Amino acid sequence: MGVTVRPAEEGEAEALKQVRLRALRDSPDAFTQPVVAAEAEPIAVYEERIASTVRGETLNLVAVDESGTFVGLAAGIPWEGRTRVVSVWVDPACRGSGVGAELVERIAAWSIERGIDCQIETAPGNDSALRLYRRLGFEPAPDIDPPDGCDVVLIRRSA
């Protein structure tokens with residue numbers, strides 16, 4: 329199955345919301361937002377996420393299979409002088425195929441191109457995510473307070 333990782337585009341707000349809802353239902357412990365809160369969000373929230381990507385302020389990526397179905401997502405957002413990688417999720421049928429690595433790597437590269445460090449967090453016990461992030465060059469950053477209740481913060485330095 330061929331999967332393409334690319335920025336979300338104008339006109340894809342509904343598809344972006346639907347893949348977000350799938351992610352929250354599949355992996356509720358990996359996200360801080362409850363699915364009921366995401367269900368209640370107006371489509372304008374997702375339109376603004378895409379517009380922010382178009383303006384170059386953030387990077388909202390989607391993974392799209394050959395049929396056009398969104399099978400993954402991740403975002404890079406400004407955070408305390410760094411880029412924070414958030415909302416990383418890959419459909420269970422596509423896990424282990426490199427899609428998650430490509431999502432994270434694209435955001436890290438985007439951050440490093442801008443000359444700033446890239447931060448990612450994971451919950452304790454999420455060993456597969458931790459292994460992936462370490463393999464991609466992220467190192468533990470015990471000096472940084474973890475946001476959103478995550479206990480493990482990792483940084484990929486820009487230089």
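Quick note: to get the working numbering, add 328 to the position in the sequence shown (first position is 1). We put the beta carbon where it would ideally sit given N, CA and C, even for glycine. Given the structure is predicted, the values throughout are model-derived calculations rather than measurements.
Could you give the distance in angstroms between the alpha-carbon of residue i and the alpha-carbon of residue j?
i, j, result
"P356", "R350", "10 Å"
"V333", "P468", "26 Å"
"L352", "R442", "30 Å"
"V416", "G400", "8 Å"
"E367", "I448", "25 Å"
"W438", "E376", "19 Å"
"V418", "V432", "11 Å"
"P475", "L482", "12 Å"
I'd like the span of the beta strand (DSSP E) that includes residue i, first residue to last.
i, result
"R334", "331 to 335"
"S415", "410 to 418"
"G400", "398 to 407"
Would you mind working out which of the options sits nearest residue i, comparing C-alpha positions?
i, options, result
"R463", "V418, G428, D471", "G428"
"G409", "S380, V390, I472", "I472"
"G330", "Y374, G339, E394", "E394"
Using a 10 Å radius around the Cβ and a threshold of 16 neighbouring Cβ atoms, would you call residue i buried or exposed?
i, result
"V364", "exposed"
"G404", "buried"
"T411", "buried"
Worksheet item: Where in the region 443 to 483 do unbroken runs of the alpha helix (DSSP H), each at least 4 residues long, occur, reported from the N-terminal end onward?
Response: Qualifying alpha helix (DSSP H) stretches, in chain order: 455 to 463.
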